[in-house]
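What follows is a single structure, written as structure tokens, with notes after it.
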């Protein structure tokens, strides 16, 4: 529980979304767009579900090889950027500060508020419990889609990893379901960003200035009603 | 790098659901209908139907344009694909064995795939067929099917994974490629092993994959000689590559240090295609 070092007595002011976070957010947006669009093209060549084909208009790559080329290009951006984000989030304490603590009481209260349309968004600097769960969950899904992707790409070289999933088609299914979870997240994420435009603006400009306060103090402040 | 050569029909055919085995009809197409209606056919040509069709085709190309086909984009994507070749070679584990399976899980017959439909397979005559050897090989004497089938066999029951996403378990037997290459005095320090096929298909693999213990020149499937659609009399089966690297109806093997694009890599599919 070490606090970020305070360099002088004058508290440093930070933006809600520091520049590295914004750069990684939009880099990730581009990578996700490439990965999902090209992934749909690859999926179409051998559909997991007979009823589901992605229309040509929304896939990336007119031919299979183009879909594959985009996917195996986008993976580098997605994985490198994602790793940088994880390292940054852990090293700076941002995850701990933004996403924890997470109490069941808080979750139930927020879900109740959400159902009664009483979710407050005035304070962009504070994530409610539902946001915390969604953001934690989507990071976990991001990790799983990469792991299942590795197993799909190299089921022989990484056969130890691939065998954890069972059959090859199970790996495909897990990879697909992770994609579906990300698409579901994006629908909520983008809808809410559009409903609360200042949150979208904040991800571009950096948002309001926030105190560089230690995570522990922040957590203590949150605990006070 | 040249622009990708488009073979849309071939690609479409490859991704269609397979039909049961039906071979090309042996009788040639009856020409009488054409000669009887020669005047009508000429008339159709005169009306410029062909020209119209070409314009229409150009229009659909315009509307269905894809940024991937733009030269700089395609060049960049292929550069990444070439980089991915190097990454795959670097993470390749030469002695790591692919999972093997019990004979009970073997799918019979194997699943067909080629750049054309199964009814267009042109069977190779095993009696007159010969395997030619070329490149950095000491003993280039050709091999007959009989000679090849007499070599010591290795059996592998491995998963075939297609780039499209499907897979099945297959039981393949034949001479180990490494021991065959040693037998004919091939330069095992060369970079590539190329396969030239009876259907004008070409494929090549890196030497590390060629020397992998689960890479064989398959002559049998489920203890029977490989059936025509699946590569009779000789095909490659390696546990470390995607399906399309496993050349069928091999007629020549070449060991070389110079890289040439192969059937699918020309069209933009990843060359290394390791799994």
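Residue numbers (my numbering), protein chains in the order written: chain A, 5 to 229; chain B, 3 to 277. Glycine is no exception: its CB is placed at the ideal position from the N, C-alpha and C atoms.
Backbone secondary structure at residue i - three-state DSSP
i, result
"residue 216 of chain B", "coil"
"residue 192 of chain B", "coil"
"residue 21 of chain A", "coil"
"residue 283 of chain B", "In the structure as shown, chain B begins at 3 and stops at 277. Residue 283 of chain B is therefore absent and cannot be evaluated."
"residue 134 of chain A", "helix"
"residue 237 of chain B", "strand"
"residue 253 of chain B", "strand"
"residue 182 of chain A", "helix"
"residue 208 of chain B", "strand"
"residue 24 of chain B", "A caution first: residue 24 of chain B carries a pLDDT of 46, below 50, which makes its placement in the model unreliable, though a value can still be read off. Three-state result, residue 24 of chain B: coil."
"residue 55 of chain A", "coil"
"residue 141 of chain A", "helix"
"residue 203 of chain B", "coil"
"residue 149 of chain A", "helix"
"residue 187 of chain B", "coil"
"residue 119 of chain B", "coil"
"residue 264 of chain B", "coil"
"residue 232 of chain A", "The structure shown has nothing for residue 232 of chain A, since chain A only spans 5 to 229."
"residue 117 of chain A", "helix"
"residue 75 of chain A", "helix"
"residue 64 of chain A", "coil"
"residue 137 of chain B", "strand"
Bridge-paired residues (DSSP) for residue i
i, result
"residue 132 of chain B", "B/146"
"residue 243 of chain B", "B/276"
"residue 157 of chain B", "B/175"
"residue 72 of chain B", "According to DSSP, which records beta bridges pairwise, residue 72 of chain B is partnered with nothing at all."
"residue 222 of chain B", "B/175 and B/227"
"residue 214 of chain A", "A/18"
"residue 98 of chain B", "Looking at the DSSP assignment, residue 98 of chain B forms no beta bridge with any residue, so it has no partner."
CB of residue i within 8 angstroms of CB of residue j, strictly
i, j, result
"residue 82 of chain B", "residue 162 of chain A", "no"
"residue 100 of chain B", "residue 241 of chain B", "yes"
"residue 221 of chain B", "residue 236 of chain B", "yes"
"residue 230 of chain B", "residue 112 of chain B", "no"
"residue 205 of chain B", "residue 247 of chain B", "yes"
"residue 136 of chain A", "residue 103 of chain A", "yes"
"residue 62 of chain A", "residue 71 of chain A", "no"
"residue 109 of chain B", "residue 207 of chain B", "no"
"residue 21 of chain A", "residue 206 of chain A", "yes"
"residue 270 of chain B", "residue 80 of chain B", "yes"
"residue 211 of chain B", "residue 243 of chain B", "yes"
Below-8 angstroms beta-carbon distance, residue i vs any chain E residue
i, result
"residue 167 of chain A", "Among the protein chains of the structure shown, namely A and B, there is no chain E."
Between the stretch 179-197 of chain A and the stretch 37-54 of chain A, do three or more beta carbon pairs fall short of 8 angstroms?
-> yes
Return the residues of the stretch 169-197 of chain A that lie within a Cβ-Cβ distance of less than 9 angstroms from chain B, sorted by chain order.
-> Within the stretch 169-197 of chain A, the qualifying residues are 171, 172, 173 and 176.
Could you name the residues of the stretch 49-77 of chain A whose beta carbon sits closer than 9 angstroms to any beta carbon of chain B, in the order they occur along the chain?
-> Taking 9 angstroms as the Cβ-Cβ cut-off against chain B, the residues of the stretch 49-77 of chain A that qualify are 49, 50, 51, 52, 60, 64, 65, 66, 67, 68, 69, 70, 71, 72, 73, 74, 76 and 77.
Listed in chain order, which residues of the stretch 246-263 of chain B have Cβ atoms closer than 9 angstroms to some Cβ of chain A?
-> none
Does the count of Cβ pairs from the stretch 184-195 of chain B and the stretch 242-258 of chain B closer than 8 angstroms reach three?
-> yes
If you measure beta-carbon to beta-carbon, which residues of the stretch 83-99 of chain A are closer than 8 angstroms to chain B?
-> none
Pull out every residue of the stretch 200-221 of chain B whose Cβ sits closer than 7 angstroms to any Cβ of chain A, in chain order.
-> none
Any residues in the stretch 84-100 of chain B with a beta carbon nearer than 9 angstroms to a beta carbon of chain A? Which ones, in chain order?
-> 85, 86, 90, 93, 94, 95, 98, 99 and 100
Segment contact flag, the stretch 86-102 of chain B with the stretch 158-175 of chain B, C-beta cutoff 8 angstroms, min 3 pairs = yes
Selection of the stretch 162-178 of chain B by Cβ proximity to chain A, strictly under 8 angstroms = 163, 164, 165, 166, 167, 168 and 169
Contacting positions in the stretch 185-196 of chain B - beta carbon closer than 9 angstroms to chain A | Within the stretch 185-196 of chain B, contact with chain A at the beta-carbon level (separation under 9 angstroms) is assigned to no residue.
Name, going along the chain, the residues of the stretch 132-148 of chain B whose beta-carbon falls closer than 7 angstroms to a beta-carbon of chain A.
-> Cβ contacts with chain A: none found.
Check distances from the C-beta atoms of the stretch 147-160 of chain A to those of chain B and list, in chain order, the residues that come in under 7 angstroms.
-> 158, 159 and 160
Of all the residues that make up the stretch 198-212 of chain A, which are near chain B by a beta-carbon distance shorter than 8 angstroms?
-> none
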